[in-house]
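J.: Protein chains in written order, with my numbering: chain A, 1 to 252; chain B, 1001 to 1416. Using N, Cα and C, we set each Cβ at its ideal position, and we do this for glycine too. Can you keep this structure in mind? I'll have questions shortly.
Here is the structure:
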C-alpha cells in the first residue's frame, strides 16, 4: 500500500483512550493521505466516532503520536484541529433551518466591512463552492428548511470547505437518507477526493463504503482489525473483520 | 360518420406514421414532418390537429430559418420513460419525455463487483424518487431502458456471456426490474445504446454505418449498419473486449486467454502504474493524463493504440464511415482517441472514396443513459389508435396558419 506514497497528511500512531474503566481505543494506527477516502468501519462502540473525535480535537488521547505532514502535533481543541486544516461534519449537522444556504455557510464567520455584511461576496464564494462540488440546489438563498436530506448534508459539507481544509471527516453522512440523497452525498465524497481533500468516512453501509473509499480500516473493540484496499476487498472479508470471524489485528 | 373502411385505415396508418416520426425525432415542425414522412402538408396539418385535439401531441411556436413555425412534440402527459445505466463503478438514472428532454437525472457511485439485487433495488428506488422530484405520479412512467456493461440477449434480458459481470449472470434482468416497478423494461448492452444515442443525437448523426467504441473499465462496441443497430444473434456483436490480442496473455474473466480486456481494462491499466504512481482509480488516470503526467499519458496512448488495432479488424469487416469513441477513457480526449485513430488507419485498407473518420463522441458520459432512454422511447407504444383520438379538430389553436400549411379537412381524398 505504501508504494510511492508521500508523507500522510495526517498520521496517528498508537492512540490510546480510556473513559474510566472502559478502554475505548487501544493502540490505534491510522494514516490519511490527501486525495484519498479512508473509510472507518466497525460495530457500534468499536471506536469509530472516538477516533474521529480525537482527530477533531474534541477528545484528547491518553497516549500516542499524531503527525501532520510528518510533523508531531497535538490537537487539544477543535480550534487547533481547524488550524491544522481538519474539519468534521458530525451526524447532527448543526444547520440553522430558518436561514438560507449562504447564511449557514458563513454562520459565525460572516464577512464584513465595518458594520456592513458583504452579502454579495459571501454569495459569490458560496456559489463557487457549490459549483466546485456540483451540488444541486435551487438557489444559494434557499432556506435550509426547504432542502432534502442529501442537500442538507451537502450544505454541511460545503460549509467545512470555507476553511480550505486538508482533511474532512464525515460521521455517518448517509445514515437515514433516501437513495437519491445517498447518491448525492456519495457523488460529493468522490468530488471532495478529486479536489485533493483527504476524506475520513465513517459509515455502517458496506455498499456505500466500498463504492467511494480507497482504503477501508476496520476497527473492532477499539483496536485495528485490518486495512483493506477497497478495489480488491470483498464484502465478506470486511464483514469477517468487523465481526471478528477473522483476526487481522497483527501489525502491518 | 360515413368514412369508408379503406380511407379510415389509411388515415390511421398516416397517424401512426406521424406519431412514430415525432417519437423518433423528438420535436419537428410541420414542414419538417412533411419532409420526414412524405405526406402532403395538408394531411400533416389535419392529422396534427386531430392529435392535438386528442391530447397526443402538443404544439408550440418556434422559428425555423427566421420564419415562424410550429414545433410538434408528443404531449408530456403521454408519459415519461426512464433510462438506467449500470457502469462498473456507477449507476445513472434519468427520466426523459417524448421531446427527448432529460427532465431529471441522478448518479451514484457503486462498489467494485456490485451485485444485481442491491443495484436493481437502488435503481428502482431512484426511478421512483426522481418521478417524485418532477411531481409525476408513477402512472406516468411508461417504460424503463436498462443498459449494462455486458452483452445482453435482448429477447430475454439475460447476460449472454457469463463471468463478465460477476453477480449478474443467469437472471432475466428486465423481468427482475419490471417486478419492482410494474413497468416493461428493455435491456441492452451499454455500448449498443450509446451507439444509438450518438447515432441519433451525437457525433454519428446522419451516418448510416457506424462503429461506436466504448473504452471504459472494459471495452465494447456498438455497431450501426445501414442505420440500424446490429446486435448479433444473442447480443454479442461488437464484443471487442474479448478478441484475443495476446495468445500467451493472462486468462480473462470470460474464460479465454489474452483478450483485449486483459490488456486495456481498468485493472490492467492501473496495474501498470502501481509501482510508479501507487494506487490510482480510472478517474485519477484520466485526470492526471490531462494534467500532463507523462506516465499516465503513456498508459492512455498505449491503450488507445491496442484498442485501435482491434477496432481496425471490425472496421475492415464492416466498412463503417465513422468510428465514434466514447466511454470513461475517451474523457481523456485526443490522448486516447489520437493513438486509437492512428492504429485504426494503420491497419485497414485506405478507402480513398470515403476515408474512415475516427472521432470522439459528442455526448460524453451522457451517451449511455441517453441511449437507454432512446431504447425505452422506441419500445413504447403510444396510443395511435383511431378510437382514442378525437376526430373533430376543435380549432382551439389559432396559430396553425403560422406555417404555409392550409388547413383543409377535405383533402384526405387526395391521398386515395
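Nearest-angstrom Cα distance between residue 239 of chain A and residue 1290 of chain B?
T.: Taking the straight line from one Cα to the other gives about 38 Å.
J.: Which chain B residues are close to residue 187 of chain A, counting only those with a beta carbon under 8 Å from its beta carbon?
T.: Ordered by position in chain B, the residues that pass the 8 Å Cβ test against residue 187 of chain A are 1107, 1108 and 1109.
J.: Identify the residues that DSSP records as bridge partners of residue 232 of chain A: which are they?
T.: For residue 232 of chain A, which the question treats as bridged, DSSP gives no partner whatsoever.
J.: Any chance the stretch 1311 to 1329 of chain B sits against the stretch 1341 to 1352 of chain B, with 3 or more Cβ pairs inside 8 Å?
T.: Flag = yes, the stretch 1311 to 1329 of chain B and the stretch 1341 to 1352 of chain B touch.
J.: Within a Cβ cutoff of 6 Å, which residues of the same chain sit near residue 1025 of chain B, ignoring the five residues on either side of it in sequence?
T.: Cβ neighbours of residue 1025 of chain B beyond the five flanking positions: none.
J.: What does the alpha-carbon distance come out to for the pair residue 1393 of chain B and residue 1049 of chain B?
T.: The predicted model places residue 1393 of chain B with a pLDDT of 39, which falls under 50 and marks its position as unreliable, so this point remains unresolved.
J.: Can you tell me which residues form a DSSP beta bridge with residue 1105 of chain B?
T.: Answer is B/1094.
J.: Is residue 1296 of chain B helix, strand or coil by DSSP?
T.: Reduced to three states, the DSSP call for residue 1296 of chain B is helix.
J.: What is the rounded straight-line gap between the Cα of residue 137 of chain A and the Cα of residue 112 of chain A?
T.: Using only the alpha carbons, I get a separation of about 25 Å.
J.: The beta strand (DSSP E) with residue 41 of chain A in it runs from where to where?
T.: Per DSSP, residue 41 of chain A belongs to the beta strand (DSSP E) from 37 to 41.
J.: With burial defined as no fewer than 16 other Cβ atoms inside 10 Å of the residue's Cβ, what is the status of residue 80 of chain A: buried or exposed?
T.: With fewer than 16 Cβ atoms within 10 Å of its Cβ, residue 80 of chain A is classed as exposed.
J.: Under 8 Å, with one C-beta from each stretch per pair, do the stretch 1116 to 1134 of chain B and the stretch 1171 to 1180 of chain B reach the 3-pair mark?
T.: Result yes; three or more Cβ-Cβ pairs closer than 8 Å.
J.: When you compare each of A/28, A/49, A/96 and A/42 to residue 64 of chain A by their alpha carbons, which one comes out closest?
T.: The shortest Cα separation from residue 64 of chain A among A/28, A/49, A/96 and A/42 belongs to A/28.
J.: From residue 1140 of chain B to residue 1128 of chain B, what distance separates their C-alpha atoms?
T.: Their Cα atoms are separated by approximately 11 Å.
J.: Considering only their Cβ atoms, is the gap separating residue 1148 of chain B from residue 1121 of chain B smaller than 8 Å?
T.: Contact flag unset, no.
J.: Taking contact to mean at least 3 C-beta pairs separated by less than 8 Å, is the stretch 45 to 63 of chain A in contact with the stretch 185 to 203 of chain A?
T.: Yes, the stretch 45 to 63 of chain A touches the stretch 185 to 203 of chain A.
J.: Using Cβ-Cβ distances below 9 Å, what residues of the stretch 1194 to 1225 of chain B are close to chain A?
T.: Residues: none.
J.: Does chain B have any CB closer than 8 Å to the CB of residue 236 of chain A?
T.: It does not: the Cβ of residue 236 of chain A has no partner Cβ on chain B nearer than 8 Å.
J.: Closer than 8 Å, Cβ to Cβ, to anything on chain B: give me those residues from the stretch 170 to 182 of chain A, in chain order.
T.: So the list reads 178, 179, 180 and 182, given in the order they occur along the chain.
J.: Using Cβ-Cβ distances below 7 Å, what residues of the stretch 26 to 46 of chain A are close to chain B?
T.: Those would be none; no residue qualifies.
J.: In the DSSP assignment, find the alpha helix (DSSP H) that holds residue 167 of chain A and state where it starts and stops.
T.: Here residue 167 of chain A belongs to no alpha helix (DSSP H); instead the beta strand (DSSP E) covers 167 to 171.
J.: Counting only Cβ-Cβ distances shorter than 7 Å, please list the residues of the stretch 189 to 223 of chain A near chain B, keeping chain order.
T.: Listed in sequence order: 190, 194, 207, 210, 211, 212 and 214.
J.: So what's residue 72 of chain A in DSSP terms, helix, strand or just coil?
T.: Residue state, collapsed to three classes: strand.
J.: Is the CB of residue 229 of chain A under 8 Å away from at least one CB in chain B?
T.: Chain B contact via Cβ: present.
J.: Using 10 angstroms around the beta-carbon of residue 259 of chain A, count the other beta-carbons present and answer buried if the total reaches 16, otherwise exposed.
T.: What the structure shows of chain A is the stretch from 1 to 252, and residue 259 of chain A is not part of that stretch, so it cannot be assessed.
J.: Should residue 1138 of chain B be labelled buried (16 or more other beta-carbon atoms within 10 Å of its own) or exposed?
T.: That one is exposed.
J.: Output yes if chain A places a C-beta closer than 8 Å to the C-beta of residue 1009 of chain B; else output no.
T.: Cβ-Cβ to chain A under 8 Å: no for residue 1009 of chain B.
J.: By Cβ distance, which residues of its chain are closer than 8 Å to residue 1044 of chain B, with the 5 residues on each side in sequence left out?
T.: Result list for residue 1044 of chain B: 1018, 1030, 1033, 1034, 1037 and 1405, in chain order.
J.: Taking all protein chains shown into account, do 16 or more other C-beta atoms lie within 10 angstroms of the C-beta of residue 91 of chain A, making it buried, or fewer, making it exposed?
T.: Exposed: under 16 other Cβ atoms inside 10 Å.
J.: Under three-state DSSP, which class holds residue 1246 of chain B?
T.: Coil at residue 1246 of chain B, not helix or strand.
J.: At 8 Å on the CB atoms, spell out the chain A contacts of residue 1129 of chain B, in chain order.
T.: In chain order: 178, 179 and 180.
J.: Which residues does DSSP pair with residue 1059 of chain B in a beta bridge?
T.: Per DSSP, B/1072.
J.: Between B/1332, B/1312 and B/1132, which lies nearest to residue 1296 of chain B when the distance is taken from Cα to Cα?
T.: The candidate whose alpha carbon is nearest that of residue 1296 of chain B is B/1332.
J.: Confirm, please, whether the CB-CB distance from residue 1107 of chain B to residue 1090 of chain B is below 8 Å.
T.: Their beta carbons are under 8 Å apart, which means residue 1090 of chain B touches residue 1107 of chain B by this criterion.
J.: Do the stretch 1309 to 1320 of chain B and the stretch 1187 to 1202 of chain B touch if we need at least three Cβ pairs shorter than 8 Å?
T.: Flag = no, the stretch 1309 to 1320 of chain B and the stretch 1187 to 1202 of chain B do not touch.
J.: Say whether chain A places a C-beta atom closer than 8 Å to the C-beta of residue 1134 of chain B.
T.: Taking Cβ atoms only, chain A never reaches closer than 8 Å to residue 1134 of chain B, which makes this a no.
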